[in-house]
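First comes the structure, then the notes that go with it.
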Amino acid sequence: MAFTTRSAAETFRLGRQLGALLQAGDVVFLTGHLGSGKTTFAKGVAQGLGVQADVTSPTFTLVSEYEGRVPLAHMDLYRLLKDTEGTTEPTTAVDFAAIGVQDYLYGDYAVLVEWPGALVEEVDDALFVDIVQPGAPKVDEREFRCKATGEKSWKRLDEWVKQWLF
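Just so you know, we're using the working numbering here: the sequence shown kicks off at -15 and counts up by one.
What follows is the structure, encoded as structure tokens:
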């Protein structure tokens, strides 16, 4: 499944629509190149969850918690990717345990993870959202390629598609 947005405002709106559907225990893995719109999308998700606080990418803190209709755990695991001879390798599960990721994944949070790396191996049911930029001349356009890996994430994706279309 894929969505296309043509502006930052549409990217935000798409995120807001997903956020309005998320429930405790939902996990969204968000990938895309630097500058692809992940933070804009995440801000929309947060607003859809009823978060009032200013949302920023937690690149240096790894995890930011926000109060909303459902608490949001927004993670950015970019710093946990290891650069070895010019290639980026994801961290191991031991690193995730050390920062308490499981507390969020199996708690009362909706979880949004930018740069999830090896964390995808820890979660059986997640919604994957990959943001792709087609480039010039459509510099503001984004394609959101989505897939679900379990019953709950399939339900969220189906609901999201219906929201976006109508």
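Built from N, CA and C at the ideal position, the CB exists for glycine as well.
Owing to the predicted nature of the structure, the values given are computational and were not obtained by experimental measurement.
Can you name, in chain order, every residue of its own chain whose Cβ lies under 8 Å from the Cβ of residue i, other than the five neighbours on each side?
| i | result |
| --- | --- |
| A26 | G(-1), L14, V39, S41, H58, L96, E98 |
| G70 | In this prediction, G70 has a pLDDT of 48, which is less than 50 and means its spatial position is unreliable; what the coordinates show is noted afterwards. So no residue of the chain qualifies. |
| T(-12) | E125, R126, E127, F128 |
| S20 | I115, V116, Q117, R126 |
Less than 8 Å between the beta carbons of residue i and residue j, yes or no?
| i | j | result |
| --- | --- | --- |
| A29 | V107 | The residue you asked about is not Ala; residue 29 is Val in the sequence shown. No, they are not a contact pair. |
| S137 | D114 | no |
| V123 | M(-15) | no |
| V85 | L103 | yes |
| L141 | G101 | no |
| E143 | L18 | no |
| W148 | Q36 | no |
Let's see if you can read the secondary structure: which residues bound the alpha helix (DSSP H) around residue i?
| i | result |
| --- | --- |
| A(-14) | Element bounds for A(-14): not the alpha helix (DSSP H) but the beta strand (DSSP E), -14 to -11. |
| A4 | -8 to 5 |
Short of 6 Å in beta carbon distance, which residues of its chain neighbour residue i, apart from the five on each side in sequence? Order them along the chain.
| i | result |
| --- | --- |
| T24 | A(-8), T(-5), F(-4) |
| E125 | R(-10), P118 |
| A132 | L111, W138, L141 |
For residue i, which residues of its own chain have a beta-carbon under 7 Å away from its beta-carbon, when the five flanking residues on both sides are left out?
| i | result |
| --- | --- |
| D60 | S41, P42, T43, L46, E98, W99 |
| G34 | G52, R53 |
| G3 | G28, V29, A30, Q31, G32, L33 |
If distances are taken between C-alpha atoms only, which option among the options comes closest to residue i?
| i | options | result |
| --- | --- | --- |
| F128 | E135, G134, L111 | L111 |
| Q7 | G91, C130, I115, A102 | G91 |
| Y50 | L5, F80, C130, Y88 | Y88 |
| V116 | G16, L5, R140, G9 | G16 |
| S48 | Q1, A132, A94 | A94 |
- prompt: Counting only runs that start and end within the stretch 10 to 66, where is the beta strand (DSSP E) found for 3 or more residues in a row?
  reply: 11 to 16, 47 to 50, 56 to 60
Those runs of the alpha helix (DSSP H) which lie wholly inside the stretch 72 to 147 and span at least 4 residues: 77 to 82, 85 to 89
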